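Right, one structure below, let's go through it.
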């Protein structure tokens with residue numbers, strides 16, 4: 001029996017690539033990335049094997065929060081192009097087999113949005129109830145300031161109307177009142193508008209905040225928040241049956257699972273995918289300790305996604321590398337290993353660094369992390385520049401350190417723009433990870449480069465539907481530094497092994513349903529070299545320091561009938 005082709009579930013074995021239009025490619029020489037420039041770079045995404053592009057905010061903005069302070073949900077920021085340029089990119093991407101999703105940022109607006117300008121004009125204004133107001137901040141107001149370096153309160157006094165408005169993020173980003181049915185209808189219109197222009201879904205920003213109504217007088221007017229999320233999913237499905245909602249839900253597993261849908265049902269009728277924040281953070285703890293235990297524990301604890309939903313895996317999120325789900329002591333371990341300087345840390349909960357500088361450019365450890373990305377159960381999500389091992393620039397402010405311009409060539413301007421570098425939205429990376437040393441042009445011509453290795457990971461991932469669709473289980477190795485997990489479908493089984501230690505190791509393990517003489521082929525070896533189970537039923541696998549293996553049991557790696565699904 002072969003796996004059924006289910007194109008409506010394309011996201012289950014997609015390769016998602018997150019990028020910021022502003023820092024990807026300048027098409028008109030003004031120093032700012034734009035949609036025409038992005039369209040020119042589509043071939044790079046095709047060669048990499050990307051099947052879905054996730055666009056960070058490209059809407060009109062006051063640029064006080066890297067585009068997340070939106071002044072118009074129905075437009076394109078003039079610096080980045082026009083609606084015509086946007087639709088041309090989406091059309092070109094789809095012609096090349098790449099779907100496009102975009103950030104849905106409807107927790108708040110910019111204070112310069114026409115809705116808020118009207119809302120603060122008077123207590124009887126048409127949009128007053130589109131935001132959350134109080135005469136005095138409630139004593140039981142929501143706890144926790146998202147950006148403690150910039151804000152010390154969730155409420156800001158508006159002198160013009162004599163009330164306080166709620167802002168869970170920056171004060172220049174007043175929260176929308178999702179308890180207001182007019183706001184809920186407007187969110188649906190925003191989604192419908194962009195879906196009509198060709199988007200295949202949205203990455204939903206800060207989902208728990210979107211549904212949070214603590215401190216609101218009209219909180220009771222909101223239907224069950226999860227019923228509302230299910231309504232959004234159903235609406236999107238009616239507009240485009242293949243569309244997805246990829247949710248940013250940074251919560252413990254027990255709370256996060258509810259965002260897939262009703263826990264008493266095996267159907268996922270809310271978010272299509274949720275990022276595995278817990279697993280990502282435990283991976284860094286495993287790397288810091290050189291022990292597989294923390295990551296293995298998270299995989300055991302992680303609830304199974306419903307049949308109509310999936311996890312999304314990632315090596316880093318697109319802003320700070322958040323470590324807030326680790327204990328204080330665990331976070332201190334990761335800081336000591338990968339970001340010991342205070343300037344490398346952010347909000348005392350994360351790192352404003354990319355992986356390669358964190359491991360001092362050690363290719364073995366970089367490859368180990370991305371091998372995990374493509375073999376752990378879930379849809380892999382890459383952040384732009386990860387495919388070539390870009391670094392950060394700590395001279396940039398805050399989270400901008402990891403949002404430096406894409407490095408295409410070793411020339412001045414990195415092939416990103418012909419303008420003077422001092423006009424770029426963020427400074428280029430310098431030092432050991434500068435464009436002269438890390439760029440697409442040179443790596444695309446080097447079969448031993450990180451880019452070539454990531455391309456191979458993508459290709460083998462797409463050829464191994466077990467990794468995307470299979471049931472997974474951990475396999476005991478007897479070695480604390482080695483993580484082994486088996487992904488199984490009715491058609492085949494793939495075993496992935498990862499050595500977190502900086503020393504070579506040999507592990508002996510027993511595979512279910514694979515007896516003496518059973519053969520495993522190496523999916524990453526050019527000659528399809530394999531291993532054979534010994535007479536005592538044990539498989540012996542040698543792993544170099546920080547090494548990894550992808551092994552298929554029972555089916556040759558070059559089986560001509562095996563094709564990517566979706």
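Numbering (UniProt numbering), first residue to last: 1 to 566.
Ideal Cβ positions, reconstructed from N, Cα and C, are used throughout, including at glycine.
Just so it is clear, the structure is predicted and the values come from calculations on it, not from any experiment.
- Judged by DSSP in its simplified three-state form, residue 412 adopts coil rather than helix or strand.
- Here DSSP, grouped into helix, strand and coil, assigns residue 169 to coil.
- Comparing C-alpha distances from residue 469 to each of 398, 547, 378 and 443 shows the shortest one belongs to 378.
- Taken in chain order, the whole alpha helix (DSSP H) runs of length 4 or more contained in the region 26 to 64 are 35 to 40 and 42 to 48.
- Pairing residue 414 with residue 405 gives a Cβ-Cβ distance under 7 angstroms.
- Excluding five sequence positions before and after residue 25, the CB atoms of its chain that fall closer than 7 angstroms to its own CB belong to 33, 37, 38, 40, 41, 406 and 416, given in chain order.
- Secondary structure at residue 350: strand, using DSSP grouped into helix, strand and coil.
- Membership of residue 226 in the alpha helix (DSSP H) is indicated by the continuous run 225 to 239.
- In this structure, the CA atom of residue 279 is about 10 angstroms from the CA atom of residue 300.
- In terms of Cα proximity to residue 368, the closest of 543, 20, 28 and 23 is 543.
- For the region 56 to 118, the full-length alpha helix (DSSP H) segments reaching 4 residues or more read 83 to 95 along the chain.
- Burial is judged here by how many other beta carbons sit within 10 angstroms of a residue's own beta carbon; residue 164 has at least 16 and is buried.
- Contact between the region 191 to 200 and the region 110 to 126 is absent: fewer than 3 CB-CB pairs across the two stretches fall below 8 angstroms.
- Separation of residue 341 and residue 106 (C-alpha to C-alpha, rounded to the nearest whole angstrom) is 35 angstroms.
- If you draw a straight line from the Cα of residue 8 to the Cα of residue 133, it is about 42 angstroms long.
- Shortest Cα-Cα distance from residue 126 to any of 385, 136, 135 and 114 involves 114.
- The beta carbon of residue 60 lies closer than 6 angstroms to those of 71, 72, 75 and 77 in the same chain, with the five residues before and after it left out.
- Scanning its chain for C-beta atoms nearer than 7 angstroms, with the 5 sequence neighbours on each side dropped, one finds around residue 226 the residues 258 and 270, in chain order.
- DSSP lists 165 as the bridge partner or partners of residue 133.
- Distance from the CA atom of residue 187 to the CA atom of residue 210, rounded to whole angstroms, is 11 angstroms.
- In the three-state reduction of the DSSP assignment, residue 499 falls in the strand class.
- Beta bridge pairing from DSSP links residue 310 with 273.
- As DSSP reads the structure, residue 548 sits in a beta bridge with 498.
- Between residue 30 and residue 419 the beta-carbon gap is near 6 angstroms, inside 8 angstroms, which marks them as a contact.
- Within the same chain, Cβ atoms closer than 7 angstroms to the Cβ of residue 50 are found at 15, 17 and 98, the five residues on either side in sequence being excluded.
- For residue 462, the uninterrupted alpha helix (DSSP H) run begins and ends at 450 to 463, by DSSP.
- Per DSSP, residue 540 is one residue of the beta strand (DSSP E) stretching across 539 to 543.
- Look at the beta carbons and you see the region 458 to 472 touching the region 486 to 504: at least three pairs across the two are nearer than 8 angstroms.
- One Cα belongs to residue 247, the other to residue 272, and the distance between them is close to 8 angstroms.
- When DSSP reads this structure, residue 487 sits in a beta bridge with 472 and 494.
- For the pair of segments examined, the region 85 to 104 was found not to touch the region 146 to 165: the number of CB pairs separated by less than 8 angstroms stays below three.
- Partner residues in the beta bridge of residue 553, as assigned by DSSP, are 493 and 520.
- Taking all protein chains in view, the Cβ of residue 298 is crowded by 16 or more other Cβ atoms within 10 Å, so the residue is classified as buried.
- For residue 263 and residue 310, the gap between their C-alpha atoms comes out near 14 angstroms.
- Listed in chain order, the non-local C-beta contacts of residue 458 below 6 angstroms within the same chain comprise 15 and 49, local neighbours out to five positions each way being set aside.
- According to DSSP, residue pairing for residue 301 in a beta bridge does not occur.
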